[in-house]
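**Q** Positions 0 to 334 (numbering that gives the first Met the number 0) are the ones given, in order, by the sequence shown.
For every residue, glycine included, the Cβ atom is placed at its ideal position computed from N, Cα and C.
Could you have a look at this structure, given as structure tokens, before my questions?
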Amino acid sequence: MTPSQNRLVTLEEYIIQKQNKFPGATGELSQLLRDIGLAAKIISREVNKAGITNLLGVDGSTNVHGESVKKLDLFADSQLISALDRSMITCMVISEENDGVVRLNSEGGKYIVYLDPLDGSSNIDVNVSIGSIFSVYMRQPRFEKELVEADALQPGVRQVAAGYVLYGSSTILAYTTGLGVSAFTLDPSIGEFILSFDNYKIPDHGSIYSINEGSYNSWQEGLKKYIKYCQQEDPETSRPYTARYIGSMVADLHRTLVKGGIFIYPASSKYPEGKLRLMYECNPLSFIIEQAGGLATDGKKRILEIEPTAIHQTSPIYIGSPKNVEMAQSFISKN
Ligand code: AHM
Ligand code: MG
């Protein structure tokens, strides 16, 4: 291998290289991505030593969804928001941990950012992978009226960037600006995210299905039949599939991106509109998966085309390799 082939590319360097391909770019989106990268390093450091710094456990409050808030949720939320506030290019943040919108110091900033600061909270205290998710929109129309919550209600197709950070056996940051998906692995010894995968492509078909099967009795008939299909033997279509469910969407999605297959969080009698949040869980991860050649639907229509009506609304989601998602959809459309 020649020295140039062996050269490490940092997240910062990569973002600038990409920006230079667009001569008119202002550099603001690049700055925003770098700010998220910095917050991700700080969160990763705290996640790694949470057990010895009294950051495990609950904070004692509940969030807008009535869920118990963990101390690390709040830490991640404040780190990401203050990183975004510093550069004065983001006007508003919507986060799982905050009821309404959070207005930042830059009223005129052109970006609106959705955050799930720490996804997979139930896994925090048991040392299982967790993640952060972000989704970026342009404020439209710019500066014409006072900033209002409705400015943030844009369909996922309008995202200008989205990504996630996975705090797993290593820390990985993956993002897209609509030109493919790149992933960076944090090298803790030098404190830098290093390019580890450029232009991810999800396999067309995969042999892993991922769903919380404990909820089986609350599903519609078509979904029950699809899961039985996944479990039937047919070597030609690599069945029976393997079941994997981590319970942190970022980790389940990252595996789906790399290995293929399908991740499902369906509508059920307990969650008629699904449980996962459209704006800061479903949309950003759907943007990533589509950019890698996969599909994401709510069972009927494309996630990215859903017109949002509320910042914290939920949606069912079927996401992953195109062949798996199409097959699941054909089962559920019959019932
Ligand atoms: P959170 O953002 O409060 O952590 O909730 C979202 C998580 C997802 O990461 C995961 O896919 C899902 O909830 C797991 O839910 P369940 O325990 O119902 O299977
Ligand atoms: Mg979440």
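#1: When burial is assigned at 16 or more other CB atoms within 10 Å of the CB, is Asn211 buried or exposed?
#2: Over what stretch of residues does the beta strand (DSSP E) that includes Val135 continue unbroken?
#3: Could you pull out every residue in the same chain whose Cβ sits closer than 8 angstroms to the Cβ of Gly190, ignoring the five residues on either side in sequence?
#4: DSSP on Glu12, reduced to helix/strand/coil?
#5: Could you tell me the alpha carbon to alpha carbon distance between Ser217 and Leu7, rounded to whole angstroms?
#6: When the distance is taken between beta carbons, is Ile129 closer than 7 angstroms to Leu114?
#7: Sorry if obvious, but does the Cβ on Asp72 come closer than 6 angstroms to a heavy atom of ligand 1?
#8: Output the distance between the C-alpha atoms of Ile35 and Leu83, rounded to the nearest integer angstrom.
#9: Leaving out the 5 sequence neighbours to the left and right, which residues in its chain are closer than 6 angstroms to Leu10 when beta-carbon positions are compared?
#10: Taking the continuous alpha helix (DSSP H) assigned at Val249, which residues delimit it?
#11: Hey, Ser320 and Pro202: beta-carbon distance below 7 angstroms or not?
#12: Rounded to whole angstroms, what is the Cα-Cα separation between Ile207 and Phe262?
#13: Relative to the C-alpha of Ile302, which residue among Tyr174, Leu79 and Glu289 is closest?
#14: Quick one: Cα of Leu71 to Cα of Asp124, how far?
#15: Tell me the rounded alpha-carbon separation between Thr1 and Gln312.
#16: Secondary structure at Met91, three-state DSSP: helix, strand or coil?
#17: Just the Cα atoms here: how many angstroms apart are Ser3 and Ile14?
#18: Return helix, strand or coil for Ala182, following the three-state DSSP convention.
#19: Mind checking who Ile193 pairs with in its DSSP beta bridge?
#20: Between Pro307 and Ile132, is the Cβ-Cβ spacing less than 7 angstroms?
#21: Run the proximity test for Gly119: is its beta-carbon closer than 6 angstroms to any non-hydrogen atom belonging to ligand 1?
#22: May I ask you to report which of helix, strand or coil DSSP gives Ala149?
#23: Looking at the structure shown, is Ala266 part of a helix, part of a strand, or coil, going by DSSP?
#24: Name the DSSP bridge partner or partners of Gly162?
#25: Would you kindly check if the distance between the Cβ of Ile88 and the Cβ of Glu27 is under 7 angstroms?
#26: Let me check you understand the geometry: is the CB of Asn211 closer than 6 angstroms to at least one non-hydrogen atom of ligand 1?
**A** Once the coordinates are examined:
#1: In the sequence shown, counting from the first residue as 1, residue 211 sits at position 212. Exposed, by the Cβ-count rule.
#2: Mapped onto the sequence shown, residue 135 falls at position 136. Note, Val135: beta strand (DSSP E), Ile129 to Met137.
#3: Taking the first residue of the sequence shown as position 1, residue 190 is located at position 191. If we look at Gly190 and ignore the five residues flanking it on each side, its Cβ neighbours are Lys40.
#4: In the sequence shown, counting from the first residue as 1, residue 12 sits at position 13. Note: Glu12 maps to helix in three-state DSSP.
#5: Here the question's residue 217 lines up with position 218 in the sequence shown. Here the question's residue 7 lines up with position 8 in the sequence shown. The alpha-carbon atoms of Ser217 and Leu7 are separated by roughly 49 angstroms.
#6: Locating residue 114 in the sequence shown gives position 115, where the first residue counts as 1. Locating residue 129 in the sequence shown gives position 130, where the first residue counts as 1. Not closer than 7 angstroms, so no.
#7: Numbered from its first residue, the sequence shown carries residue 72 at position 73. No, the beta carbon of Asp72 sits no closer than 6 angstroms to any heavy atom of ligand 1.
#8: In the sequence shown, counting from the first residue as 1, residue 35 sits at position 36. In the sequence shown, counting from the first residue as 1, residue 83 sits at position 84. Whole-angstrom Cα-Cα distance: 7 angstroms.
#9: Counting from one through the sequence shown, the residue named residue 10 turns up at place 11. Excluding residues within five positions, the ones whose Cβ falls inside 6 angstroms are Gly36, Phe183 and Phe192.
#10: The count along the sequence shown starts at 1 and reaches residue 249 at position 250. Start and end: Met248 to Lys258.
#11: Against the sequence shown, residue 320 aligns to sequence position 321. Against the sequence shown, residue 202 aligns to sequence position 203. Yes, Cβ-Cβ distance for Ser320 and Pro202 is below 7 angstroms.
#12: Taking the first residue of the sequence shown as 1, we reach residue 207 at position 208. Taking the first residue of the sequence shown as 1, we reach residue 262 at position 263. Roughly 9 angstroms separates the two Cα atoms.
#13: In the sequence shown, counting from the first residue as 1, residue 302 sits at position 303. Of the listed residues, the one whose Cα sits closest to Ile302 is Glu289.
#14: In the sequence shown, the residue the question calls residue 71 occupies position 72. In the sequence shown, the residue the question calls residue 124 occupies position 125. Each residue's alpha carbon lies about 10 angstroms from the other.
#15: Residue mapping note: residue 1 aligns to position 2 of the sequence shown, counting from 1. Residue mapping note: residue 312 aligns to position 313 of the sequence shown, counting from 1. Interpretation of Thr1 is limited by its pLDDT of 45, a score under 50 that renders its predicted location unreliable; no figure is taken from the coordinates.
#16: Taking the sequence shown and counting its residues from 1, one reaches residue 91 at position 92. The answer is strand: DSSP assigns Met91 an E or B state.
#17: Translated into positions along the sequence shown, residue 3 becomes position 4. Translated into positions along the sequence shown, residue 14 becomes position 15. Per-residue confidence for Ser3 stands at a pLDDT of 48, beneath the threshold of 50, marking its modelled position as unreliable; no derived number is given.
#18: In the sequence shown, the residue the question calls residue 182 occupies position 183. Residue state, collapsed to three classes: strand.
#19: If you number the sequence shown from 1, residue 193 lands on position 194. Answer is Thr9 and Thr184.
#20: Position 308 of the sequence shown, counted from the start, is the residue given in the question as residue 307. Position 133 of the sequence shown, counted from the start, is the residue given in the question as residue 132. No. Outside cutoff.
#21: Working through the sequence shown from its first residue, we reach residue 119 at position 120. Flag set: Cβ of Gly119 near ligand 1.
#22: In the sequence shown, the residue the question calls residue 149 occupies position 150. Ala149 falls in the helix class under three-state DSSP.
#23: For the purposes of this step, residue 266 is identified with residue 267 of the sequence shown, where counting begins at 1. Here Ala266 sits in coil by DSSP.
#24: Here residue 162 corresponds to residue number 163 of the sequence shown, with the count starting at 1. DSSP output for Gly162 lists Phe133 and Tyr174 as bridge partner(s).
#25: In the sequence shown, counting from the first residue as 1, residue 27 sits at position 28. In the sequence shown, counting from the first residue as 1, residue 88 sits at position 89. A contact, by the Cβ cut-off of 7 angstroms.
#26: Locating residue 211 in the sequence shown gives position 212, counting from the first residue. Yes.
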